[in-house]
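**Q**
Protein chains: 2
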Amino acid sequence: MPSTDRRRLPAAERRAQIAGAARAVALRDGLAAVTLRGVAAEAAVAPALVAHYSPSMEALVAETFAGIVAAELDEVRYLAGGDAPDALDALLRTLLGGGREDVTAVWVEAWALGRRNAELAAAVRDQMDAWHVALVELLARGAADGSLTVADPDAVAWHVLGMIDGLNAQALVRWRQDDARVALAARAVEAMVGLPRGAVAAPERATVDAGETP
Amino acid sequence: MPSTDRRRLPAAERRAQIAGAARAVALRDGLAAVTLRGVAAEAAVAPALVAHYSPSMEALVAETFAGIVAAELDEVRYLAGGDAPDALDALLRTLLGGGREDVTAVWVEAWALGRRNAELAAAVRDQMDAWHVALVELLARGAADGSLTVADPDAVAWHVLGMIDGLNAQALVRWRQDDARVALAARAVEAMVGLPRGAVAAPERATVDAGETP
DNA sequence: GCGCTAGTTGATCAAGCGATCAACTATTGA
DNA sequence: TCAATAGTTGATCGCTTGATCAACTAGCGC
């Protein structure tokens, strides 16, 4: 997109292009690389134009984060459409199966940068809440049709999300991929939603098994 | 420490004072605030002196992180000295009980900054390994005396640590303290080490209970 | 074909960062 | 007491960041 971009675009289009460039930078180089000059270079545009189209860089960073994470939630929501145990299975396999390191890095950086960027912190809270609502709905669906037994869906949802985030953040730093991640997470989730062992991620599909429970 | 610090100290002492100032800044304002000028101000010293005593700021940040986290590990190691189930109980209560937000923030920032600071990234891996070794030893102790049943101690240890980190990182952003955190984590851990429900954190001591498992 | 609107840019500012180095001086050993 | 040692500092450089603004001009409506 170097040559043809000399054209000048209608405001809405340019705005969208810059948002796209910011997202690309965030996923490739991290949220901290979403700078005036970084995004401008990605969009092949003068830095001042990026500033022109967003009230502040803090806002652009927050908006970029929200866009990336909301898209991920939509995707997962689509994959986890079946009945509750299958949906939990799809959720864990998708989020812990690897290949999402870019999004995980965005999450981790958002937590860190959020301490100094109030708008980003608000966006992080919003997105966490959105994920939480989605998972609570999943649990409620399971509780309604009797496939799950959950005393405190709110707390269980927070816990499952925290577990996933922590494991993914860990994978960001560790070198080797751990095949047992999905299986172990499945055992933990089963214990929290009153499902028998293997109901979420069947042991024969998982690579490593946890200890025996007689 | 403004007036008396006009004195000049022997190298070792000054070095220790600067390390202490760096640690204080990291715990109060975050790892990202550990800058030449930030640490110098905290130690009431010229910025050049901080540079004089450390090869680079990247190194000082990495060293500060390692110091904080290693101290936490020592503390927890001391608290978790009993038999395995009790040790797990102490571990979860200590790390998830709240009041450690400063250290959690340091962890999260280290993950994020580690992507751009190779020395810090190495320190993060080292400390994660140290925590992992400590937890694997705890699990091995339990397996040896028959109080735990763990097929893959390595994987279970990574999982428990990831869960703790994720829940703590979450607590960093969420406003209210969730009373169910310890109890739910205990259920998850019990499921992974072959312990009956309530063996790690007794339900009557915990605030919220997870679903029933018949 | 022309002019006005609106998209775009280069130049520039202040602030904060890490790093370097010559110069200053408190302290100590002879 | 005095000089050598070693701890300390101020000044300064180059770099990156976000932000602002006057000036330029492409493209649309008439």
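Here the protein sequences line up with chains A and B, keeping their order. No gaps in the numbering here: position 137 of the first sequence is 137 in UniProt numbering, and each next residue is one more. No gaps in the numbering here: position 122 of the second sequence is 122 in UniProt numbering, and each next residue is one more. C-beta: ideal position from N, C-alpha, C; glycine also. Please read all numbers here as calculations on a predicted model, not as lab measurements.
#1: From Asp-129(B), Ala-41(B) and Gly-146(B), pick the residue whose C-alpha is nearest to that of Gly-162(B); which is it?
#2: Are the beta-carbon atoms belonging to Ala-90(B) and Leu-79(B) less than 8 Å from one another?
#3: Taking only runs of the alpha helix (DSSP H) that begin and end inside the segment 141-199 of chain B, which ones reach a length of at least 4 residues, in chain order?
#4: Quick check on Leu-91(A) - is its C-beta less than 8 Å from some C-beta in chain B?
#5: Can you find a CB in chain B that lies within less than 8 Å of the CB of residue 235(A)?
#6: Have a look at Gln-170(A) and Arg-7(B) and give me their C-alpha separation to the nearest angstrom.
#7: How is the alpha helix (DSSP H) around Pro-47(A) delimited, first residue to last?
#8: Mapping DSSP to helix, strand and coil, what is residue 218(B)?
#9: Does the pairing of the segment 177-194 of chain B with the segment 96-104 of chain B give three or more beta-carbon distances under 8 Å?
#10: Listed in chain order, which residues of the segment 99-114 of chain B have Cβ atoms closer than 8 Å to some Cβ of chain A?
#11: When you compare only the Cα positions, how much space is there between Glu-119(B) and Ala-121(A)?
#12: Can at least three beta-carbon pairs, one atom from the segment 133-142 of chain B and one from the segment 109-119 of chain B, be found at a separation below 8 Å?
#13: If I measure Cβ to Cβ from Leu-36(B) and keep anything under 7 Å in the same chain, skipping five residues before and after, which residues do I get?
#14: Quick one: give me the first and last residue of the alpha helix (DSSP H) that Thr-35(A) is part of.
#15: Tell me, to the nearest whole angstrom, how far the beta carbon of Gly-30(B) is from that of Ala-105(B); I am working on the premise that it is less than 8 Å.
#16: In angstroms, rounded to a whole number, what distance separates the CA positions of Asp-102(B) and Ala-59(B)?
#17: Quick one: what does DSSP say Gly-114(B) is sitting in, helix, strand or coil?
**A** So, to answer that:
#1: Asp-129(B)
#2: yes
#3: 153-173 and 181-193
#4: no
#5: No answer is possible for residue 235(A): it lies beyond the span of chain A, which begins at 1 and ends at 214.
#6: 45 Å
#7: 47-53
#8: The requested residue 218(B) does not occur in the structure, where chain B is confined to residues 1 to 214.
#9: yes
#10: Ala-105, Val-108, Glu-109, Trp-111, Ala-112, Leu-113 and Gly-114
#11: 27 Å
#12: no
#13: Pro-47, Val-50, Ala-51 and Met-57
#14: Where Thr-35(A) is concerned, there is no enclosing alpha helix (DSSP H), given that its DSSP letter is neither H nor E.
#15: 6 Å
#16: 21 Å
#17: coil
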